[in-house]
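With our numbering applied, the sequence shown corresponds to residues 6 to 531, in that order. No residue lacks a Cβ here, since even glycine has one placed at the ideal position from N, Cα and C. Each remark here refers to the structure printed beneath this line.
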Amino acid sequence: MPESATQQKQQIFVREATGLVKNVSFLDTIALNLSNMSVGPLLTTIAGFAGATFVIAPSVSGLNLVVASAIAFLLSVPQIVIYTIMSRRYPRAGGDYVYVSRNFGGFWGSTLSFWGYTMETLAFIALVALLVDFSIGGAGLSLGGSFSTWGLLFTNGTTQFVVAASIFAILIGINIAKPKAGYRLVTAITLFGVFSLLLTMGVYLAAGQSGVANYINGFAQAVKLTGSDSSYQALAASYTPSGLPFDLNFNNMIFIMPVIFAFVYPWLNAAPAVASEIKGSRALRWNVPISAFTGFLLLTGAFAVLYGVAGMPFVNAVFSSKAYAGFGLNFFSLAMGIAGGGVVSWIIGLGWIAMQLGTMAYAVIIFSRYLLAQSMDRFLPSKLAYVSPRFGSPVVAHLVDLVITLALIGITAYFFENISGIFGAIIASMIYFVFIGLAATKHALQKEKGTTKVVLALAGIGNAIVFGFVSYQYLANPGFTGLNNVTYFYVIATFIAGALIYLGSRWYHKKRGIDISLNYKELPPE
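So this is what it looks like as structure tokens:
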């Protein structure tokens, strides 16, 4: 007697349903995407340490962050269109992995997703874990007094590892025991982070230029800075205008585009990756555009307030100053200093930490969904697809994430200078986004009709062009983008690993009468 279609499908996929529960509200989807967009981590890495964007940029002349943010947002519009449409066509755990693999087949789809998101995310989580450490230490130093000693503890590798590892383990534990609480935690942290960012802008607006100048002048005198770093006026005067209309040097703005893209605008895949858990069609339809526009307003607004109050000459000069970088001066710590301590400084400091923590908390959830989706297709070992009937969470996927990420956190905490190139693995994601665009175009031409067909096809082509150029920028400027031999080894090794895993899995299952390539011809279980 021949097998029914249901029996055949059950044999191909690990099981007929993921076992996940629809726990994700509309607000949760927005929070997930905003945490994914990492506005706080970008504001933290623009200035404040030796390797900060403005410190290592060849020139900050005419580098207007407001305009740069607006350009980056416009370049990300094709990505917004793609995720908005495709997450409704493929509402499954794993998001873009599902539609890339369904359009390019198992070998290329699985390899690219494993390489461009799964393995890159591990490196990114380790980086953000250390940014949580740095923000705790930086907030302590900015509060001054006895907190300065507390802040100095976070310059020690052991402290960095213990704190980051403990926080990460707690987040994993929460998501294993109560997935719904994991989502609500991301939402709560994100809302507090947004509130603190708005408060930070309010502090700048209330202080005005004189407030910024008074703080910088007092700080420079207290730590005995000289020359162009000696005062607000000296810093502003040291800035060299570009000489171009409106002092806009588009070459310099395009040059830092890889940094903005590494943190913010293209990262809209969080909610689509949990699409099968989202409650309601409105949330599925609108979460991406609302999140993208909100992230744009928050980041661009922060830059606009900073420039409007302190002036672009001062901001560009102080953020590119090695002396002030040595004291950890960035968007948040400057506002804490201007606020003068007390409750407001505390809230800004806690918000600074929360914005890094939110990024880590979202990544714990999303990474496990990619592992789950890839294992449901039998690309990865089927044990990773296990969802606890008691908790409704992918327990094994979370535990694998815990073990690997703790190892990466430990390595980066103790050997940061030697291993920091691993964070350049973000180039794999930029290349992966090229294929996301191409997959969207292929889908549009084969399966869509009318206006949607044209819009999605053009968005896909535009996306491929944008991220092809961004990928080129990464490769053309390795000193700025952080690419080195460690990066190249990690990127090449993870791509080869993805290809070998697929080929090995297909061979293994074929010997047992299962052709896993058939998985990629239909939607996976919900």
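Task: Straight-line Cα distance separating K452 from L355 - done: Here residue 355 corresponds to residue number 350 of the sequence shown, with the count starting at 1. Here residue 452 corresponds to residue number 447 of the sequence shown, with the count starting at 1. Whole-angstrom Cα-Cα distance: 48 Å.
Open item on the list: Looking at the strands, I want to know which residues DSSP matches up with I283.
Closed with: Translated into the one-based positions of the sequence shown, residue 283 becomes position 278. Paired residue(s): V29.
Task: In DSSP terms, what A98 is bridged to - done: By one-based count along the sequence shown, residue 98 stands at place 93. V279.
TODO: Would you kindly check if the distance between the Cβ of F384 and the Cβ of P46 is under 7 Å?
DONE: Locating residue 46 in the sequence shown gives position 41, counting from the first residue. Locating residue 384 in the sequence shown gives position 379, counting from the first residue. Not in contact: P46 and F384 (Cβ atoms no closer than 7 Å).
Task: Per-residue DSSP class, three states only, for D406 - done: Mapped onto the sequence shown, residue 406 falls at position 401. In the structure shown, D406 sits in a helix (DSSP, three-state: H, G or I).
TODO: Pick helix, strand or coil for D1, following the three-state DSSP scheme.
DONE: With the chain covering 6 to 531 only, the question about residue 1 has no answer from this structure.
TODO: Please classify D138: does DSSP put it in a helix, a strand, or coil?
DONE: Sequence index remark: in the sequence shown, residue 138 carries index 133 (1-based). Looking at D138 - three-state DSSP - the assignment turns out to be helix.
TODO: Return helix, strand or coil for E527, following the three-state DSSP convention.
DONE: For the purposes of this step, residue 527 is taken as the residue at position 522 of the sequence shown. Three-state result, E527: coil.
- [ ] State the Cα-Cα distance for the pair F59 and A98, rounded to the nearest angstrom.
- [x] The residue you call residue 59 lines up with position 54 of the sequence shown. The residue you call residue 98 lines up with position 93 of the sequence shown. Rounded to the nearest angstrom, the two C-alpha atoms are 38 Å apart.
- [ ] For V133, I'd like the list of residues in its chain whose CB is within less than 8 Å of its CB, leaving aside the five on either flank, ordered along the chain.
- [x] Against the sequence shown, residue 133 aligns to sequence position 128. Hits under 8 Å: S43, P46, Q361, T364, M365, A368.
TODO: Grab the span of the alpha helix (DSSP H) containing V323 for me, first residue to last.
DONE: The residue you call residue 323 lines up with position 318 of the sequence shown. Counting along the chain, the alpha helix (DSSP H) containing V323 begins and ends at 317 to 324.
TODO: Check each candidate in P530, G484, S510, T410 and name the one with the smallest Cα separation from F129.
DONE: On the sequence shown, position 124 is the one that residue 129 refers to. Ranking P530, G484, S510, T410 by Cα distance to F129 puts T410 first.
TODO: Kindly indicate which three-state DSSP category T446 falls into: helix, strand or coil?
DONE: By one-based count along the sequence shown, residue 446 stands at place 441. Correct three-state label for T446: helix.
Open item on the list: My assumption, with CB atoms under 8 Å, is that S140 sits in contact with G503. Please give the rounded CB distance.
Closed with: Here residue 140 is taken as the residue at index 135 of the sequence shown, counted from 1. Here residue 503 is taken as the residue at index 498 of the sequence shown, counted from 1. Not confirmed; about 33 Å, so no contact.
Open item on the list: For G484, tell me which candidate among V105, V71, P63, L413 has the shortest Cα-Cα distance.
Closed with: Taking the first residue of the sequence shown as 1, we reach residue 484 at position 479. Nearest of V105, V71, P63, L413 to G484, Cα basis: P63.
Task: Selection from V82, N490, I441, I172 that minimises the alpha carbon distance to L407 - done: Here residue 407 corresponds to residue number 402 of the sequence shown, with the count starting at 1. Residue I172 is the option with its Cα nearest to L407.
- [ ] My understanding is that T245 touches S476, with C-beta atoms under 8 Å, so please give their C-beta distance in whole angstroms.
- [x] On the sequence shown, residue 245 is found 240 positions in, with the first residue counted as 1. On the sequence shown, residue 476 is found 471 positions in, with the first residue counted as 1. At roughly 31 Å, the Cβ-Cβ gap does not stay under 8 Å, so T245 and S476 are not in contact.
Open item on the list: To the nearest angstrom, how far is the alpha carbon of W113 from that of I87?
Closed with: Along the sequence shown, one-based indexing puts residue 113 at 108. Along the sequence shown, one-based indexing puts residue 87 at 82. Those two C-alpha atoms are separated by around 19 Å.
Open item on the list: Between which residues of its own chain and H403 is the CB-CB distance below 7 Å, once the five residues before and five after are set aside?
Closed with: For the purposes of this step, residue 403 is identified with residue 398 of the sequence shown, where counting begins at 1. If we look at H403 and ignore the five residues flanking it on each side, its Cβ neighbours are I177, N180, I181, S373.
Task: Length of the line joining the Cα atoms of I370 and G187 - done: If you number the sequence shown from 1, residue 370 lands on position 365. If you number the sequence shown from 1, residue 187 lands on position 182. Going from the Cα of I370 to the Cα of G187 covers about 8 Å.
Open item on the list: At a threshold of 6 Å, does K516 count as lining the ligand FMN (C-beta to nearest heavy atom)?
Closed with: Ligands displayed in this structure: none; no statement on the ligand FMN is therefore possible.
TODO: May I have the straight-line CA-CA distance separating F119 from A227, to the nearest angstrom?
DONE: For the purposes of this step, residue 119 is taken as residue 114 along the sequence shown, with counting starting at 1. For the purposes of this step, residue 227 is taken as residue 222 along the sequence shown, with counting starting at 1. Near 51 Å, if we compare the C-alpha coordinates of A227 and F119.
TODO: Any chance you could list the beta strand (DSSP E) runs of at least 3 consecutive residues sitting entirely within the region 186 to 271, in chain order?
DONE: none
Task: Residue from M262, A444, A390, S247 with nearest C-alpha to S81 - done: As a first step, residue 81 is located in the sequence shown; it is residue number 76 there, counting from the start. Closest by alpha carbon: M262.
Task: Proximity winner among L204, Y237, G207, relative to N219 (alpha-carbon distances) - done: Here residue 219 refers to the residue found at position 214 of the sequence shown. Cα-wise, what sits closest to N219 is Y237.
Task: Short Cβ contact (7 Å threshold) for L68 with M258 - done: To locate residue 68, count along the sequence shown from 1; it is residue 63. To locate residue 258, count along the sequence shown from 1; it is residue 253. Yes. Within cutoff.
TODO: Report the three-state DSSP secondary structure of I181 (helix, strand or coil).
DONE: Counting from one through the sequence shown, the residue named residue 181 turns up at place 176. If DSSP states are grouped into helix, strand and coil, I181 belongs with the helices.
- [ ] Starting from P483, follow the alpha helix (DSSP H) in both directions and report where the run begins and ends.
- [x] Taking the sequence shown and counting its residues from 1, the one referred to as residue 483 is at position 478. Counting along the chain, the alpha helix (DSSP H) containing P483 begins and ends at 483 to 486.
Open item on the list: Suppose the cutoff is 7 Å on Cβ atoms and the five residues either side in sequence are ignored; what does the same chain contact list for L127 look like?
Closed with: Position 122 of the sequence shown holds residue 127. Around L127: I409, T410, L413.
TODO: For A469, I'd like the list of residues in its chain whose CB is within less than 7 Å of its CB, leaving aside the five on either flank, ordered along the chain.
DONE: Taking the sequence shown and counting its residues from 1, one reaches residue 469 at position 464. Within the same chain, A469 has close Cβ partners V439, G442, L443.
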